[in-house]
């Protein structure tokens, strides 16, 4: 890193050389303007005075400078620092003695400085680096980059932390002061045990007036309300019960929520709350939503929700395939009863908080910024080693563009998803840490589904955990839609529901490790897709999925290809201690060369579509899926070559003939060991025209090297090799050491809650 003591003398030397060169140039130009006699006289005098020696020296000097310039091609480094000023040049890492120049102060200031250099055509050749010194940078409004802020393949733009520096780009504002709570009207509303522990911050006094609105609905908004971190840890919006759920009481199905008499002592107090809310799996274990309470009726013990309410209503009781609803209340001042809980009073502009037992130096910060960084059609830009934190929405949105890389960054305490990519080509998210996310981790929507044009985006070597903390279902660690996206070497754990949610074609999921997901939900998989026979070319290959159990009656899987997802290959994976290995239908899938250990069952097969009558529009989701199949140009050359089975499927439906073997799901060359009961379960009659069941090793010890140490490589004398089983490249699975990793090594353990769960039959 260059400092001012080195830069300023060098600039003086270069200026002196420049002035000398210009003087010589003027002399030479003047000589050639003289007439011949005057020219002879001037030249003789110039030679006698040593002009030839000066010219030779100048020649060698210019040649030397040219070689240095061509050899090093240093480009430009701009510095950004909490000590900086956006009116300065950014060429110095520290302010100069006169405080007239020094580093820039913000990300937006660096962007604008580069724009000025581009417009004035003073941007040098080579790599452009914007280097952030250690510190905290508030980003309360989105910093927006446009196409003009792009680099080129030869001249990329790098935004990075200085070596060893912790650089924090935050959408939060630090609270300057907490006071002892003395307001008796508030103290009376708090539980007895909280009095004396809860402190208050006057947000309005600190200039904070936008507290947001907690989202409602089954999807849950990408933007949360104002939340609190303390010592860099996310705090809990006051709720009851503090852990777990309450059961839905009352009738089996209703549009209002009935609560039990056992809980009315708490719930009747909620009638005095400004904005009481509930979060729950109101009817099914796979559908959560947040609702606002409109009315609490003590006579009927019913709560009327504000619209949109619960999409599936409210259910109590239990049947063979779904459990009754469960829920908790939150955004409740009267339930602020434990350390780490907080509540925001939007009318008074105050925040009430029970601080955990930490050092007094711990900082409290509230989320104010919504999105931190938006890139629109930006190309050839790298962000490396920066922490993005404490915002209500998304830390970074990449729209269009090419070759944007986000490497070794940390996204934490984010209200929505950590990072979103929409369209564009060849973007790369690598080596990042993503944690404590209100919604999901990385969301990608890119690639052309009809032309099968790949986006080329890569999500590689990232650690994503403790995600979907507000959106309890379908808030995926990685969500992929489109064509030609790659998800590899990621470690995912501690999520309430799905880990990888995908739709589209020709996406690759390989060498990922996933465990301790689907922690509080059911009828889900670590990998999930559904309701589309045309999801061709998606490959789930060489992943290690383990320790996924059933917290509720509706079952969880390693891979769930739901409601007729078709065209997907599940190959060379290791599935260990999963309640159900793979759940899938009979249309055009492949389950091949996988190892299943202690799964019940290894494979669950259902919805066969083996008879023409099974394709009637009124059955299952046929109408939707037949239309999606009809939308595919199956007779175009690219589809004929890559996926001829889709035309076969269309013809079978149109002609009401049995499906040909090429369209049937194949289950072949798998190794199955442990787990109670049958390894392959059919939830529908098997059907002669539905499945191709090959040779699988079941009921015979496969001879693992060291299963007691979770080493499931096969010994050389394993009977699996006789049926053509290929060794799994387990050593390549998961995170790997790289200069792009934000943290290394990584510590992670199976969630204890998983270990306490038991197998349950469907």
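Residue numbers (my numbering): 5 to 766.
Just so it is clear, CB atoms sit at the ideal spot from N, CA and C, and this is done for glycine as well.
Burial state of residue i (16 or more Cβ within 10 Å)
{"i": "residue 675", "result": "buried"}
{"i": "residue 552", "result": "buried"}
{"i": "residue 690", "result": "exposed"}
{"i": "residue 434", "result": "buried"}
{"i": "residue 37", "result": "In this prediction, residue 37 has a pLDDT of 37, which is less than 50 and means its spatial position is unreliable; what the coordinates show is noted afterwards. Exposed, by the Cβ-count rule."}
{"i": "residue 123", "result": "exposed"}
{"i": "residue 311", "result": "exposed"}
{"i": "residue 454", "result": "exposed"}
{"i": "residue 300", "result": "buried"}
{"i": "residue 217", "result": "exposed"}
{"i": "residue 747", "result": "exposed"}
{"i": "residue 45", "result": "Reliability fails at residue 45, whose pLDDT of 38 lies under 50, so the model's placement of it is uncertain and the value that follows must be treated cautiously. Looking at its Cβ environment, which holds fewer than 16 other Cβ atoms inside 10 Å, residue 45 is exposed."}
{"i": "residue 39", "result": "At residue 39, the pLDDT of 41 sits below 50, so the modelled position is not reliable; the number obtained from the coordinates is stated separately. So residue 39 ends up on the exposed side."}
{"i": "residue 554", "result": "buried"}
{"i": "residue 540", "result": "buried"}
{"i": "residue 372", "result": "buried"}
{"i": "residue 575", "result": "buried"}
{"i": "residue 709", "result": "exposed"}
Selected residue, minimal CA-CA separation from residue i, among the options
{"i": "residue 734", "options": "728, 714 and 319", "result": "714"}
{"i": "residue 243", "options": "427, 210, 234 and 279", "result": "279"}
{"i": "residue 609", "options": "660, 638, 642 and 682", "result": "682"}
{"i": "residue 702", "options": "717, 718, 724 and 696", "result": "724"}
{"i": "residue 201", "options": "457, 340 and 82", "result": "340"}
{"i": "residue 215", "options": "116, 90, 177 and 586", "result": "177"}
{"i": "residue 219", "options": "388, 260 and 230", "result": "230"}
{"i": "residue 172", "options": "264, 695, 135 and 546", "result": "135"}
{"i": "residue 520", "options": "530, 512, 406 and 89", "result": "530"}
{"i": "residue 591", "options": "276, 545, 662 and 108", "result": "662"}
{"i": "residue 657", "options": "637, 621 and 386", "result": "621"}
{"i": "residue 463", "options": "84, 256, 198 and 514", "result": "514"}
{"i": "residue 351", "options": "266, 212, 565 and 343", "result": "212"}
{"i": "residue 668", "options": "753, 589 and 235", "result": "589"}
{"i": "residue 693", "options": "744, 614, 679 and 114", "result": "614"}
{"i": "residue 81", "options": "87, 130 and 104", "result": "130"}
{"i": "residue 303", "options": "309, 317, 288 and 271", "result": "271"}
{"i": "residue 3", "options": "249, 612, 508 and 196", "result": "Here the chain has residues from 5 to 766 only, and residue 3 is not among them."}
Integer-rounded CB distance, given that residue j should sit under 8 Å from residue i
{"i": "residue 328", "j": "residue 320", "result": "5 Å"}
{"i": "residue 469", "j": "residue 497", "result": "5 Å"}
{"i": "residue 193", "j": "residue 337", "result": "6 Å"}
{"i": "residue 376", "j": "residue 164", "result": "In fact, because the Cβ distance is near 16 Å, the residues do not count as touching under 8 Å."}
{"i": "residue 436", "j": "residue 420", "result": "With a Cβ gap of about 16 Å, residue 436 and residue 420 do not count as contacting."}
{"i": "residue 465", "j": "residue 739", "result": "6 Å"}
{"i": "residue 111", "j": "residue 90", "result": "Rounded, the Cβ-Cβ distance is 10 Å, inconsistent with contact."}
{"i": "residue 206", "j": "residue 412", "result": "So it is not a contact: roughly 39 Å between Cβ atoms."}
Start-to-end residues for the alpha helix (DSSP H) that takes in residue i
{"i": "residue 299", "result": "Here residue 299 belongs to no alpha helix (DSSP H); instead the beta strand (DSSP E) covers 291-301."}
{"i": "residue 643", "result": "641-646"}
{"i": "residue 509", "result": "Looking at the DSSP string, residue 509 is not in any alpha helix (DSSP H); the run it does join, the beta strand (DSSP E), is 504-509."}
{"i": "residue 633", "result": "626-634"}
{"i": "residue 414", "result": "Not the alpha helix (DSSP H): residue 414 falls in the beta strand (DSSP E), residues 414-418."}
{"i": "residue 189", "result": "188-191"}
DSSP beta-bridge partners of residue i
{"i": "residue 288", "result": "291"}
{"i": "residue 149", "result": "379"}
{"i": "residue 257", "result": "319"}
{"i": "residue 398", "result": "Note: residue 398 sits in no beta bridge, so no partner."}
{"i": "residue 331", "result": "250 and 284"}
{"i": "residue 695", "result": "669"}
{"i": "residue 234", "result": "237 and 368"}
{"i": "residue 309", "result": "297"}
{"i": "residue 596", "result": "575 and 672"}
{"i": "residue 262", "result": "253 and 306"}
{"i": "residue 492", "result": "464 and 514"}
{"i": "residue 130", "result": "78"}
CB contact below 9 Å: residue i versus chain B
{"i": "residue 570", "result": "The chain inventory of the structure shown lacks chain B, comprising one protein chain alone."}
Span of the beta strand (DSSP E), counted from its first residue to its last, around residue i
{"i": "residue 573", "result": "572-575"}
{"i": "residue 543", "result": "542-545"}
{"i": "residue 609", "result": "607-609"}
{"i": "residue 587", "result": "584-588"}
{"i": "residue 111", "result": "Unbroken run through residue 111 is the alpha helix (DSSP H), 111-123; no beta strand (DSSP E)."}
{"i": "residue 437", "result": "437-441"}
{"i": "residue 684", "result": "684-686"}
{"i": "residue 83", "result": "80-84"}
{"i": "residue 270", "result": "Where residue 270 is concerned, there is no enclosing beta strand (DSSP E), although the alpha helix (DSSP H) it sits in stretches over 268-271."}
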